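**Student:** Sending over a structure as structure tokens; questions will come in a sec.
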Amino acid sequence: MTGTTGHGSQPQRLSHGILLAAVVALGGCATANYGRPGAFADRRGDEIVVCGRLVHTGAPVVLWFDPGGYDAYRAECRFIADQEKPTKPVSDSLIRYDTFRRNLPDALKTQIRERGWTLRELQEHVDQFVIHYDVCVTSRKCFQVLHDLRGLSVHFMLDLDGTIYQTLDLKERAWHAGEANDRSVGIEIANIGAYPDTETLNQWYRPDARGRLLVTFPPDFGPTGIRTPHFVARPARNDLVSGEIHGRRLYQYDFTDAQYESLIRLTATLCRVLPKIRPDCPRTPDGRVRWDVLTPEERAQFSGLLGHYHITTSKVDPGPAFDWERVLRGARQRLKAWW
Ligand SMILES: [Zn+2]
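Residues 7 to 345 (my numbering) make up the sequence shown, in order.
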């Protein structure tokens with residue numbers, strides 16, 4: 007507009023100018039707060055989701071809505087075409103988790119039903135991190151067994167190459183550890199497990215030309231789903247580890263260094279975001295790691311990392327090879343470095 011419209015055009019132009027400035031100001035403000043419409047938000051690939059918020063971990067993470075992720079919210083099976091229900095459903099419904107953690111007061115349940123969880127509420131009610139091994143050797147197989155066959159769920163799976171898969175927001179009550187589900191976050195770590203003899207272990211671990219052990223897959227295993235191309239999975243310690251859990255002698259090969267590194271970063275992150283989870287595990291009075299079940303009273307009072315075997319005598323995971331001190335020392339060092 008050039009002002010050739012005659013009398014009255016000046017105030018009109020002025021108001022136009024003010025309007026334009028206001029629009030630009032608003033537009034600029036909107037751009038600063040929300041980003042350019044249609045632009046894709048940045049992700050670094052190390053984030054977990056806690057009450058809908060992305061939290062960095064420093065470890066590789068694939069979320070359930072990422073390409074290649076494992077989605078525990080989906081009703082239908084992941085690997086069995088056209089099948090909705092798991093083969094051995096633990097409930098009649100098509101879901102494999104609960105929105106509510108059952109340790110909540112009724113008034114809070116009502117509030118959460120109406121407006122969802124806040125991070126502060128989750129921080130108040132989640133104080134345990136339960137460690138499992140999956141007896142599946144890969145996270146892909148683990149999800150197939152949990153989701154499609156058994157109708158269960160777990161927040162995280164940790165693959166041989168250190169990739170963390172998150173399948174549900176931490177606000178959900180995943181089905182992985184019985185009574186502990188109400189107050190815990192759970193992780194399934196890829197490992198064939200612990201046994202009273204070495205027969206199974208000898209099928210899965212073979213020495214290379216230098217005598218260093220590596221995980222070998224049988225020809226009929228199918229795709230491993232491991233993200234790192236040509237990843238060679240070696241136990242962090244080359245020697246067979248043996249130990250007693252619930253008074254039973256068990257043998258197991260260690261987890262991979264990549265798994266420990268990611269677990270340390272995830273543990274430190276959880277201890278920071280959900281600070282009632284202490285970076286420690288159940289110990290004897292003289293400070294050694296406990297390899298037996300906790301009494302219900304001990305479990306009620308405990309906040310921190312737990313093995314599944316601390317919860318029930320029917321389980322021995324994560325087994326005698328799990329290096330509690332390595333994980334806890336590493337997590338504490340990272341927490342200290344962050345402050
Ligand atoms: Zn378990």
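Just so it is clear, CB atoms sit at the ideal spot from N, CA and C, and this is done for glycine as well. Only a predicted model underlies this, so the values are computations on that prediction, with no experimental measurement involved.
1) Could you check if E331 is buried or exposed, using at least 16 other CB atoms within 10 Å of its CB as the buried criterion?
2) With a Cβ-Cβ cutoff of 8 Å, do R189 and H138 count as a contact?
3) Can you tell me where the beta strand (DSSP E) with F162 in it begins and where it stops?
4) Using a Cβ-based criterion (distance less than 7 Å to any ligand heavy atom), does H131 qualify as near ligand 1?
5) Which residue from A337, G336 and L312 puts its Cα closest to that of G325?
6) V29 by DSSP, collapsed to three states: which one?
7) Return the chain-ordered list of same chain residues with a C-beta closer than 6 Å to the C-beta of V96, the five sequence neighbours on each side being excluded.
8) Note down, one range per segment and in chain order, each alpha helix (DSSP H) of at least 4 residues found wholly within the segment 125 to 158.
9) Check the DSSP bridge columns for Y171 and list the partner residues they point to.
10) Kindly indicate which residue of G64, Q89, A186 and L128 has the alpha-carbon position closest to the one of V56.
11) Does DSSP put G77 in a helix, a strand or coil?
12) How is the beta strand (DSSP E) around G122 delimited, first residue to last?
13) Please check the pair R278 and L341, which I expect to be a contact at CB under 8 Å, by giving their CB distance rounded to whole angstroms.
14) In the DSSP assignment, the alpha helix (DSSP H) including E90 goes from what residue to what residue?
15) Just curious, the beta strand (DSSP E) that I101 is in, first and last residue?
16) Please indicate yes or no: does the CB of D323 lie closer than 7 Å to some heavy atom of ligand 1?
17) Find out if the Cβ-Cβ distance for the pair I54, T234 is shorter than 8 Å.
18) In the DSSP assignment, what are the bridge partners of S248?
19) Can you tell me the Cα-Cα spacing of D104 and W70, whole angstroms?
20) Would the beta-carbon of H314 be found less than 7 Å away from any heavy atom of ligand 1?
21) Can you list, in chain order, the residues of its chain with a C-beta nearer than 7 Å to that of D214? Leave out the 5 residues immediately preceding and following it.
22) Please name the residue, chosen from P73, Q150 and V136, that lies closest to K91 on a Cα-to-Cα basis.
23) Curious, which full-length beta strand (DSSP E) runs of at least 3 residues does the segment 178 to 212 contain?
24) Would you kindly work out how many angstroms separate the C-alpha atoms of Q339 and S99, rounded to a whole number?
25) Can you confirm whether the segment 189 to 204 touches the segment 285 to 297 when touching is taken to mean that 3 or more C-beta pairs between the two stretches lie within less than 8 Å?
26) Using CA coordinates, which residue listed in Y171, Q134, L207 and G217 is at the minimum distance from P224?
27) Measure the CB-CB distance between S248 and R254 and report whether it falls below 8 Å.
28) DSSP three-state call for V221: helix, strand or coil?
29) DSSP has L60 in a bridge; who is on the other side?
30) Cα-Cα, which of H236, Y259, G228 and V160 is closest to T204?
31) Identify, in the order they occur along the chain, each residue of the same chain with its Cβ nearer than 6 Å to the Cβ of S309, setting aside the five sequence neighbours on each side.
32) Within 10 Å of its beta-carbon, does D245 have 16 or more other beta-carbons around it, so buried, or fewer, so exposed?
**Tutor:** In terms of the structure at hand:
1) exposed
2) No, the pair does not count as a contact, with Cβ atoms beyond the cut-off.
3) F162 to L164
4) no
5) L312
6) With a pLDDT of 45 at V29, under the threshold of 50, the modelled position of this residue cannot be trusted; read the value that follows with caution. The answer is helix: DSSP assigns V29 an H, G or I state.
7) G157
8) 125 to 131 and 145 to 149
9) V68 and M163
10) Between V56 and the set G64, Q89, A186 and L128, the nearest pair of CA atoms involves L128.
11) The displayed chain sequence assigns Asp, not Gly, to residue 77. Here D77 sits in coil by DSSP.
12) It is not in any beta strand (DSSP E) - G122 carries neither H nor E in the DSSP assignment.
13) 6 Å
14) Taken as a continuous stretch (DSSP letters only), E90 belongs to no alpha helix (DSSP H), as it is neither H nor E.
15) It is not in any beta strand (DSSP E) - I101 carries neither H nor E in the DSSP assignment.
16) yes
17) no
18) Y257
19) 17 Å
20) Correct: H314 has its Cβ closer than 7 Å to ligand 1.
21) L220
22) Checked all of P73, Q150 and V136; the closest Cα to K91 is Q150.
23) 190 to 195
24) For Q339 and S99, the distance between alpha carbons rounds to 43 Å.
25) no
26) Taking only the C-alpha atoms, the option nearest P224 is L207.
27) no
28) strand
29) Answer by DSSP bridge pairing, in chain order: V55.
30) Y259
31) Non-local beta-carbon contacts of S309 in its own chain, meaning distances under 6 Å to residues more than five positions away in sequence, involve D133, K282 and R284 in chain order.
32) exposed
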